[in-house]
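Chemist: Okay, so the sequence shown: first residue is 1 according to the UniProt record's numbering, each after it adds one.
For reference, the structure I am asking about is given below.
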Amino acid sequence: MDVVVVESPAKAKTINKYLGRNYKVLASYGHVRDLPAKDGSVKPDEDFAMSWSVDGPSSKRLTEIAKAVKDADGLILATDPDREGEAISWHVLEVLRQKRALKDKPVSRVVFNAITKQSVLDAMANPRQIDAPLVDAYLARRALDYLVGFTLSPVLWRKLPGARSAGRVQSVALRLVNDRELEIERFIREDYWQIAAVLGTPRDDKFEARLTAFDGKKLQKLDISSQAQADDIKAMLDGATFKALSVEAKPTKRNPAPPFTTSTLQQAASSRLGFSASRTMQVAQRLYEGMDIGGETAGLITYMRTDGVQMAPEAISAARSAIDKEFGAKYLPEKPRYYTTKAKNAQEAHEAIRPTDFFRTPDSVRKYLDADQARLYEMIWKRAIASQMQPAEIERTTVEIEATNAARTAGLRAVGSVIRFDGFIAAYTDHKDEDSEDEENRRLPEIRQGEQLSRDKVVATQHTTEPPPRYSEASLIKKMEELGIGRPSTYASTLKTLEDRDYVTIDKRRLVPQAKGRLVTAFLESFFRKYVEYDFTAALEEKLDDISDGRLAWRDVLRDFWKDFSAAVGEIKELRVTDVLDALNEELAPLVFPAREDGSNPRICPKCGSGNLSLKLGKYGAFVGCSNYPECGYTRQLGDAANGNGEAGGGEDGVKVLGSDPYTSEEITLRSGRFGPYIQRGEGKEAKRSSLPKGWTPASIDHEKALALLALPRDVGKHPESGKMISAGLGRYGPFVLHEGTYANLESIEDVFSIGLNRAVSVLAEKQSKSKNRNGGTPAALKDLGEHPDGGGNITVRDGRYGPYVNFGKINATLPKGKDPMAVTVEDAVALIAEKEAKGGGKKPARAKAATAKKPAAKKAAAKKTAAKTED
1 MDVVVVESPA KAKTINKYLG RNYKVLASYG HVRDLPAKDG SVKPDEDFAM SWSVDGPSSK
61 RLTEIAKAVK DADGLILATD PDREGEAISW HVLEVLRQKR ALKDKPVSRV VFNAITKQSV
121 LDAMANPRQI DAPLVDAYLA RRALDYLVGF TLSPVLWRKL PGARSAGRVQ SVALRLVNDR
181 ELEIERFIRE DYWQIAAVLG TPRDDKFEAR LTAFDGKKLQ KLDISSQAQA DDIKAMLDGA
241 TFKALSVEAK PTKRNPAPPF TTSTLQQAAS SRLGFSASRT MQVAQRLYEG MDIGGETAGL
301 ITYMRTDGVQ MAPEAISAAR SAIDKEFGAK YLPEKPRYYT TKAKNAQEAH EAIRPTDFFR
361 TPDSVRKYLD ADQARLYEMI WKRAIASQMQ PAEIERTTVE IEATNAARTA GLRAVGSVIR
421 FDGFIAAYTD HKDEDSEDEE NRRLPEIRQG EQLSRDKVVA TQHTTEPPPR YSEASLIKKM
481 EELGIGRPST YASTLKTLED RDYVTIDKRR LVPQAKGRLV TAFLESFFRK YVEYDFTAAL
541 EEKLDDISDG RLAWRDVLRD FWKDFSAAVG EIKELRVTDV LDALNEELAP LVFPAREDGS
601 NPRICPKCGS GNLSLKLGKY GAFVGCSNYP ECGYTRQLGD AANGNGEAGG GEDGVKVLGS
661 DPYTSEEITL RSGRFGPYIQ RGEGKEAKRS SLPKGWTPAS IDHEKALALL ALPRDVGKHP
721 ESGKMISAGL GRYGPFVLHE GTYANLESIE DVFSIGLNRA VSVLAEKQSK SKNRNGGTPA
781 ALKDLGEHPD GGGNITVRDG RYGPYVNFGK INATLPKGKD PMAVTVEDAV ALIAEKEAKG
841 GGKKPARAKA ATAKKPAAKK AAAKKTAAKT ED
């Protein structure tokens, strides 16, 4: 029996059905190792050596795989057919070698682009070894991303409090969003007029023609720039006679688009289905891994992470057969169509995304799929089938018209088109090519050259130029692909990261940069411009592709990058914060100093009139403040428009009145200060204030919530043992309960208002118990794992001051970050204890020493015995 390793349990289940009893298919659940999120995981001084770690769940799965491999005849690595899939196979193989699970068992690598029985069996019949250059490219990419993130992010934290991090591809994508915002802010709107005439033929058929020339001059879009000019032209046309100078009917062909790539699929799903990039990939993953279709389990589409646009020869043949059956022979081209990609840095090693069986039409599988799966599959099927169909034949008619009035002349043009043969458009149920540019799809009536035309009416309409739109997920992905930034598999996670870090928000499917994100981009453009340049990032992607193709050594690429990058970081560390702020004041002037309605200098403090406004950095991020602080306390949050002579934030003088206190009659207001929004009751130094708790936004604050915050801390009740009052409140570190100087954190702000006496006593007791443990007591065991295999006592899992740990005698080994204490196995614990002991941490119990002291002799004897057998 052979063990087959794939990524997901769904994929494992499907493949297991194809392979039968002689194979055991196990899932790795994606990557099994990663670089720990701490400094030093990539070591430039040691030729970029990497320290990999295995989290708890992965450790358990790897142990299961190792156990299965020990009893198997061989190992087959069948992860996805791309760089990430190759890396997962490599990681699994490395761990199994470390566990000495393989011995001399054969190891092979197989890849298949579709999870169908035939594809899987064909792959199993053609195994290969792990592709070392692909793994090298993965290592280079992972090291680059780590070095940028863990080198640049600490600089951000020191120079820009509140900033989260800066990633290699993420920072460039963020720059694209922010550059577009700058374009929008700097855009100057212009008014212009368009003039059209509704004309009639002698046969009384009506059509519309647009003005293209006037008084011998061809008109551009913005040439009619005033109402007076538009009225003059309209008056001339109202009294003019019209004649058809020429009528030209020109046949054209419109070719279908190629099948989907990852990028074009994400773009189409966003614009037509409203899916985010991550949602698209989740649905596509399910279609790829396998569905139960009427008792048969099969993948419905090919692998969905690709930038290739070509289909395999057998797929093209299948598509042509399906076209003949579904649409008829006239829709089938004489020869198959072949496509090449136009995307920068594209790799065409893999097929485009297509159905695994073209005879599985969207209607035939709809009942087996949920709504999202059905819609995405239909889109993929139509695009792939259309790509091999005949072009659409369209007749485009252009009529040039002359208008004369006394000595003045004007030119107008009418355009119409009619589909003579729908071709590939027949694949789309709405009879419209979803991937073509908009056409004027209206049909003109019969118009004869030289005939006079009647005037029905002349219309002049005013328009205003619009700034470029903000990026949607679809348009940003398209731009990143054009520039060669990132890879198909990274787009969804890159966009999700920008949103998760509050660098952008999504409003009506458009990416809106936030102040925090604009600050990060401005900082990087001012001091690390090279590393957020589009060409530089694309050139780095090309080098990674060269590594994949075996043309470059991955460590050489890292050395070249690190030499300049580390030097740049070293220079920035020496900068004073004032230098950074001066640069950001200029770079972000439209955001920091928005224009005022009264036309006054936006950099002068509106409160004191003499101080200069500037960016300032506080614990919670950047804000705008007056240079006359503390005499002048004017502040506003970055991105808020300046108003009044107080703090910004809405309402008169930047203050929003919420109501009055029912007991003191003092006014309760919502304000915005250097540490964020807050509630205030009354005025002056004695005014009561409360910051908004995490998760509460200024827009959600009403009179009732404000009163509740200002009433804190509140009395919960007297402690049953001490008789002293327990109070609940909101402090610097969040919500808490307090009793005789002991603070205990609460999970949420809602707990502050709702917690009762019994629970408060319990929370405080738990806190006191933990404090006792930190001060010398031994924490109670969370889990008893039983006797150590070498003897010497029990192994337990406990929770200490610095988190959960494994205890054996005097050895305490901290659990890896993210490891569930209750999921720790004996094997996990023994490994952690051995690692801690090797580092000199703690001592084993005496009996354990005695037990282990006898082991080497036994091993030595066994070694001699093995050697004797070998010699025989």
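Just so you know, even glycine gets a beta-carbon here, dropped at the ideal spot from N, CA and C.
Since this is a predicted model, take the numbers as computed values, not measurements.
Between T306, E740, D370, P602, which has its C-alpha nearest P81's C-alpha?
Modeler: With distances taken between Cα atoms, P81 lies closest to T306.
Chemist: Is there contact between the stretch 456-469 and the stretch 286-301, where contact requires at least three CB pairs shorter than 8 Å?
Modeler: The answer is no - the stretch 286-301 does not touch the stretch 456-469, with fewer than three Cβ pairs under 8 Å.
Chemist: Suppose contacts are defined by Cβ-Cβ distances below 8 Å. Is I795 in contact with E837 by that definition?
Modeler: No, Cβ-Cβ distance for I795 and E837 is not below 8 Å.
Chemist: Under 8 Å between the Cβ atoms of A384 and D422?
Modeler: No.
Chemist: With three or more beta-carbon pairs closer than 8 Å as the criterion, would you say the stretch 93-113 touches the stretch 498-517?
Modeler: They do not touch, by the three-pair rule.
Chemist: Is it the case that the stretch 369-380 contacts the stretch 404-424, given that we only count it when at least three CB pairs across the two stretches are under 8 Å?
Modeler: No contact exists between the stretch 404-424 and the stretch 369-380.
Chemist: Between the C-alpha atoms of Y663 and R681, what's the straight-line distance to the nearest angstrom?
Modeler: Distance between the alpha carbons of Y663 and R681: 12 Å.
Chemist: Does the stretch 260-270 touch the stretch 278-289, meaning 3 or more C-beta pairs lie closer than 8 Å?
Modeler: With a cut-off of 8 Å, the stretch 260-270 and the stretch 278-289 count as touching, because enough Cβ pairs lie within range.
Chemist: Below 8 Å between beta carbons: does that hold for P333 and Q373?
Modeler: Not a contact, by the Cβ cut-off of 8 Å.
Chemist: Looking at the unbroken beta strand (DSSP E) that takes in G423, where does it start and where does it end?
Modeler: Per DSSP, G423 belongs to no beta strand (DSSP E) and is neither H nor E.
Chemist: Would you mind reading off the limits of the alpha helix (DSSP H) that contains M124?
Modeler: Start and end: 117-124.
Chemist: With a threshold of 7 Å on Cβ separation, who are the neighbours of D136 within its own chain once the five nearest residues in sequence on each side are excluded?
Modeler: I547, W554.
Chemist: List the whole-angstrom C-beta distance separating E351 from G308, where the pair is believed to meet the contact cut-off of C-beta under 8 Å.
Modeler: Yes, E351 and G308 are in contact; Cβ-Cβ is about 6 Å, under 8 Å.
Chemist: Residue ranges of each alpha helix (DSSP H) run of no fewer than 4 residues wholly in the stretch 470-528, ordered along the chain?
Modeler: You should have 473-483, 488-500, 515-527.
Chemist: In whole angstroms, give me the CA-to-CA distance for G411 and S387.
Modeler: Computed Cα separation, rounded: 40 Å.
Chemist: Closest by CA to T398, which one among E208, L483, Y288?
Modeler: Of the listed residues, the one whose Cα sits closest to T398 is E208.
Chemist: Looking at C-beta atoms only, is the number of pairs between the stretch 39-58 and the stretch 11-24 that lie closer than 8 Å three or more?
Modeler: Because the criterion of three Cβ pairs below 8 Å is not met, the stretch 39-58 and the stretch 11-24 do not touch.
Chemist: Could you tell me the boundaries of the alpha helix (DSSP H) in which R175 lies?
Modeler: Counting along the chain, the alpha helix (DSSP H) containing R175 begins and ends at 168-186.
Chemist: Would DSSP call E667 helix, strand or coil?
Modeler: E667 falls in the strand class under three-state DSSP.
Chemist: Hey, is A813 close to the ligand MG, as in C-beta under 7 Å from one of its heavy atoms?
Modeler: This structure lacks the ligand MG, and indeed carries no ligand of any kind.
Chemist: How would you label N612, buried or exposed, when you count the other beta carbons within 10 angstroms and need 16 or more for buried?
Modeler: It counts as exposed.
Chemist: According to DSSP, simplified to helix, strand and coil, what is P677?
Modeler: P677: strand per DSSP, three-state reduction.
Chemist: In three-state DSSP terms, what is V54?
Modeler: V54 falls in the coil class under three-state DSSP.
Chemist: Assuming R272 and Y471 form a contact by the criterion Cβ under 8 Å, report the distance between their Cβ atoms to the nearest whole angstrom.
Modeler: That pair is no contact at about 17 Å.
Chemist: Can you name the residues that DSSP bridges to M1?
Modeler: Beta-bridge pairing links M1 to no other residue.
Chemist: Answer with buried or exposed for A687, where buried requires no fewer than 16 other C-beta atoms within 10 angstroms of its C-beta.
Modeler: Looking at its Cβ environment, which holds fewer than 16 other Cβ atoms inside 10 Å, A687 is exposed.
Chemist: In the DSSP output, what is K709 paired with across the bridge?
Modeler: A small fix is needed here, since residue 709 is Leu in this sequence, not Lys. Answer is none; L709 lacks a bridge partner.
Chemist: Return the CA-CA distance between L730 and L615, expressed in angstroms with no decimal places.
Modeler: Rounded to the nearest angstrom, the two C-alpha atoms are 29 Å apart.
Chemist: Can you pull the DSSP bridge partners for V737?
Modeler: DSSP lists A728, A744 as partners of V737.
Chemist: From A240, E86, T537, D191, pick the residue whose C-alpha is nearest to that of V6; which is it?
Modeler: That would be E86, whose Cα lies nearest to the Cα of V6.
Chemist: With a CB to CB cut of under 6 Å and the five nearest residues on each side skipped, what residues in its chain are close to H703?
Modeler: Correct list, in chain order: L658, G659.
Chemist: Tell me the rounded alpha-carbon separation between E400 and A196.
Modeler: Looking at the two C-alpha atoms, the distance is approximately 13 Å.
Chemist: Whole-angstrom Cβ separation of A143 and T494, contact assumed at under 8 Å?
Modeler: At roughly 18 Å, the Cβ-Cβ gap does not stay under 8 Å, so A143 and T494 are not in contact.
Chemist: May I ask which residues mark the beginning and end of the alpha helix (DSSP H) holding residue 960?
Modeler: Residue 960 is absent from the structure shown; the chain starts at 1 and stops at 872.
Chemist: With a CB to CB cut of under 7 Å and the five nearest residues on each side skipped, what residues in its chain are close to K234?
Modeler: These residues qualify, in order along the chain: I195, V458, A460.
Chemist: Give every residue of the same chain whose Cβ lies closer than 7 Å to the Cβ of Y331, excluding the five residues on either side of it in the sequence, and list them in chain order.
Modeler: Same-chain partners within the cutoff: I323, M389, Q390, G423, A426.
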